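Novice: Below are the structure tokens for one structure; questions will follow.
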Amino acid sequence: MIDLFVGFDQREAIAYHAFCQSVISRTSRPVRFTPLVAHGIDGKRNGSNAFIYSRFMVPFLNSYKGWAIYADGDMICREDIAKLWAMRDERYAVMVVQHDYRTVHKKKYLGNKNEDYPRKNWSSLILWNCEHSANRRLTPDAVSGLSNEFLHRFNWLHDGEIGELPLTWNWLVLEYPMNEYAQLYHYTIGTPCFKDYKDCTHADMWWQEYKKLNEGIDD
Numbered sequence: 004m005i006d007l008f009v010g011f012d013q014r015e016a017i018a019y020h021a022f023c024q025s026v027i028s029r030t031s032r033p034v035r036f037t038p039l040v041a042h043g044i045d046g047k048r049n050g051s052n053a054f055i056y057s058r059f060m061v062p063f064l065n066s067y068k069g070w071a072i073y074a075d076g077d078m079i080c081r082e083d084i085a086k087l088w089a090m091r092d093e094r095y096a097v098m099v100v101q102h103d104y105r106t107v108h109k110k111k112y113l114g115n116k117n118e119d120y121p122r123k124n125w126s127s128l129i130l131w132n133c134e135h136s137a138n139r140r141l142t143p144d145a146v147s148g149l150s151n152e153f154l155h156r157f158n159w160l161h162d163g164e165i166g167e168l169p170l171t172w173n174w175l176v177l178e179y180p181m182n183e184y185a186q187l188y189h190y191t192i193g194t195p196c197f198k199d200y201k202d203c204t205h206a207d208m209w210w211q212e213y214k215k216l217n218e219g220i221d222d
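Heads up: the sequence shown begins at 4 in the working numbering, then just goes up one per residue.
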């Protein structure tokens, strides 16, 4: 069983369902989905989405056992998620795509600021080694008191505890060039469900999954 925790924001609820559909239609293994919603920790914080901090609760929510995947909801998976799952490496506490870029978009969906910062978007897709001893520091009390910068830069870990995933498993649409061969598209500037991005690069990939949500329903 692959445990997949997905960020959920009511303002773009359809994006969550489209992402889950894209995973379901391609997976070769059972997947258990858990939507992360804005209760508790996230309700006390400010951020551009409603799950900006709860992603760091995944080891706790998984009882500090086994592995799990966290993914932002504004993504589309174009490959079998089991291939990402197969990259698990016990040497690491987390495995992420280690982006190194500066944004060309100062604003993103719903008028949110899109600022540059170290390790930007590293935390948008995380392969969590939940039972790694370093991740036991991420208790509910600890996460509620730690800063945005500390968490999203993985500052509770040594650099050697952060593994690297291929860039194509978190391809940043509108930040990176077109890539028809990426395994996972991340609409970090805005999903096509928002009118400003309905025709953005790789929007067709997103709309294909959206249409599948209504297949088989009588008019």
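Yeah, the Cβ is synthetic: ideal placement off N, Cα and C, and Gly gets one too. These numbers were taken from a predicted model, which means no experiment stands behind them.
Under a three-way DSSP split, which group does Gly69 fall into?
Specialist: On the sequence shown, residue 69 is found 66 positions in, with the first residue counted as 1. Three-state result, Gly69: coil.
Novice: Quick one: measure Cβ to Cβ for Trp131 and His102, integer angstroms, because I've assumed they're closer than 8 angstroms.
Specialist: Numbered from 1 along the sequence shown, position 128 holds the residue referred to as residue 131. Numbered from 1 along the sequence shown, position 99 holds the residue referred to as residue 102. With 8 angstroms as the limit, Trp131 and His102 do not qualify as a contact, their Cβ atoms being about 18 angstroms apart.
Novice: Excluding the 5 residues flanking Glu178 on each side, which residues of the same chain have their C-beta closer than 8 angstroms to its C-beta?
Specialist: Reading the sequence shown from its first residue, position 175 is the one you call residue 178. Counting only Cβ-Cβ distances below 8 angstroms, and skipping sequence neighbours, we find Tyr104, Thr106, Val107, His108, Thr191 and Ile192.
Novice: Of the choices Ile27, Asp6 and His155, whose alpha-carbon is the least far from that of Arg238?
Specialist: Examination of residue 238 is not possible in this model, given that the chain is present from 4 through 222 alone.
Novice: Since Arg58 contacts Leu39 with CB under 8 angstroms, what's their CB separation in whole angstroms?
Specialist: Taking the first residue of the sequence shown as 1, we reach residue 58 at position 55. Taking the first residue of the sequence shown as 1, we reach residue 39 at position 36. Right, the Cβ-Cβ distance comes to about 6 angstroms (below 8 angstroms), so this counts as a contact.
Novice: Please list the segments of the beta strand (DSSP E) lying wholly inside the region 153 to 185, counting only runs of 3 or more residues, in order along the chain.
Specialist: 165 to 167
Novice: Determine the closest residue to Ile129 out of Leu87, Gly163 and Asn182, with distance taken between C-alpha atoms.
Specialist: What you label residue 129 is simply residue 126 of the sequence shown in a count that begins at 1. The option with the nearest alpha carbon to Ile129 is Leu87.
Novice: What is the DSSP secondary structure of Phe59, counted as helix, strand or coil?
Specialist: In the sequence shown, counting from the first residue as 1, residue 59 sits at position 56. Reduced to three states, the DSSP call for Phe59 is helix.
Novice: Apart from the five residues just before and just after His205, which ones in its own chain have a Cβ nearer than 6 angstroms to its Cβ?
Specialist: Locating residue 205 in the sequence shown gives position 202, where the first residue counts as 1. Cβ within range, chain order: Val176 and Tyr188.
Novice: Anyone know if the C-beta pair for Phe8 and Val61 falls short of 8 angstroms?
Specialist: Position 5 of the sequence shown, counted from the start, is the residue given in the question as residue 8. Position 58 of the sequence shown, counted from the start, is the residue given in the question as residue 61. Cβ distance < 8 angstroms, so Phe8 and Val61 count as in contact.
Novice: Which two residues bound the contiguous beta strand (DSSP E) that contains Cys23?
Specialist: For the purposes of this step, residue 23 is identified with residue 20 of the sequence shown, where counting begins at 1. Element bounds for Cys23: not the beta strand (DSSP E) but the alpha helix (DSSP H), Ala16 to Ile27.
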